[in-house]
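Residue numbers (the UniProt record's numbering): 1 to 351. C-beta atoms are modelled at their ideal positions from N, C-alpha and C, and glycine is treated no differently. None of these values were measured; they are calculated from a predicted model.
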């Protein structure tokens with residue numbers, strides 16, 4: 001019997017499974033029936049044929065949860081291999097790497113409407129399709145299985161529909177985020193909600209840290225969702241009809257979104273840095289060179305300095321003036337240099 005074990009040590013929670021070790025300060029604890037499965041239940045779950053669709057690391061936790069809990073993942077659909085690195089060698093997605101390690105067939109269509117891909121997908125006779133961090137699917141794909149296609153989305157829908165919900169939740173200074181499972185339909189991220197789980201956001205938390213927590217929470221809520229679909233008792237709730245003026249969106253983030261505007265408030269700039277760390281990273285210019293800021297601290301105080309002006313003692317601190325105070329840099333990377341702490345940076349940089 002394969003199991004996942006939950007340890008609670010001094011307030012720190014560790015979710016351990018053979019292929020995945022995730023440390024998080026928060027993890028939603030679902031009923032033990034979804035984490036420790038007896039052989040009879042595992043055999044029942046094995047009768048459900050699932051196709052999993054996803055690409056990045058975020059999706060691997062959910063795929064691993066299905067596999068470790070005895071579900072029959074008959075195939076994986078992921079992005080085609082892409083050239084990366086200095087040598088531009090073809091790199092496999094994290095989901096593909098995991099699938100191959102488990103001998104799960106992998107499909108990598110360039111176009112999701114390709115007739116050959118559609119035919120191959122249909123040949124697996126899936127009962128359910130699970131989508132985590134993948135492309136928008138055409139109806140011929142998401143409407144194929146008898147139980148439909150579900151998506152694991154890293155926000156509390158209907159808020160933060162779009163490609164970058166984790167980043168925008170932090171950028172906007174939210175105190176809570178979460179994960180939603182829902183049924184796919186025509187409009188993106190608008191299908192009927194199945195389950196949700198809330199995850200608090202610390203005041204100093206970065207998008208990267210929240211990413212890890214939502215990845216873990218998403219795997220758990222997916223298990224709950226698939227089990228309910230299997231038993232035929234999954235709730236389906238129509239998403240709240242919130243006025244457009246009250247909706248918060250999560251569009252793809254572009255380079256221009258990452259440039260710090262020093263005329264903005266200290267709180268907004270601090271949240272921007274947290275929300276873009278570690279990637280794609282907030283930046284500013286220092287003597288006409290790009291300066292990426294991975295970690296910073298905020299200081300609320302009145303001052304008469306020009307917004308964006310630089311202040312340093314050349315030894316221990318480097319800060320920029322903003323509306324309502326200063327942003328003190330902690331971890332940074334100057335164009336052409338490695339990532340480093342502010343003290344190390346100041347040792348080798350002269351203003």
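Out of the options, which one is the CA nearest neighbour of residue i?
i, options, result
"residue 100", "155, 331, 64", "64"
"residue 349", "195, 287, 81", "287"
"residue 139", "105, 260, 148", "148"
"residue 315", "343, 337, 324", "343"
"residue 112", "97, 134, 159, 95", "134"
"residue 78", "93, 88, 195", "93"
"residue 166", "209, 232, 297, 289", "209"
"residue 324", "84, 295, 75, 268", "268"
"residue 168", "230, 266, 205", "205"
"residue 141", "164, 160, 115, 163", "115"
"residue 225", "277, 180, 123, 313", "180"
"residue 152", "220, 232, 127, 144", "220"
"residue 214", "228, 154, 250, 191", "154"
"residue 160", "66, 237, 121, 178", "178"
"residue 162", "292, 88, 341, 187", "187"
"residue 310", "292, 285, 331, 300", "285"
"residue 281", "235, 171, 137, 107", "171"
"residue 241", "157, 107, 55", "157"
Check for me: the beta strand (DSSP E) holding residue i runs from which residue to which?
i, result
"residue 200", "193–200"
"residue 328", "325–334"
"residue 49", "49–54"
Tell me whether residue i sits in a helix, a strand or coil according to DSSP, three-state version.
i, result
"residue 189", "coil"
"residue 177", "strand"
"residue 208", "helix"
"residue 111", "coil"
"residue 24", "At residue 24, the pLDDT of 38 sits below 50, so the modelled position is not reliable; the number obtained from the coordinates is stated separately. Three-state DSSP puts residue 24 in a strand."
"residue 220", "helix"
"residue 36", "Residue confidence for residue 36 is low, a pLDDT of 41 falling below 50, so the modelled location carries little weight and cannot support an answer."
"residue 171", "helix"
"residue 214", "helix"
"residue 166", "helix"
"residue 203", "coil"
"residue 156", "coil"
Any idea which residues DSSP pairs residue i with across the strands?
i, result
"residue 161", "249"
"residue 237", "193"
"residue 183", "150"
Could you spell out the range, first to last residue, of the alpha helix (DSSP H) harbouring residue i?
i, result
"residue 151", "Element bounds for residue 151: not the alpha helix (DSSP H) but the beta strand (DSSP E), 149–153."
"residue 131", "No alpha helix (DSSP H) contains residue 131, which is instead part of the beta strand (DSSP E) from 128–132."
"residue 115", "115–123"
"residue 140", "139–142"
"residue 66", "57–68"
Inset, instruction - Please go through the region 72–106 and give each complete beta strand (DSSP E) segment of 3 or more residues, from N-terminal end onward. - result: 72–77, 82–84, 89–91
Inset, instruction - Would you mind listing the beta strand (DSSP E) stretches within the UniProt domain "Formyl transferase C-terminal" (252–350) that are 3+ residues and don't spill past its ends, in chain order? - result: 282–286, 289–300, 310–312, 318–322, 325–334
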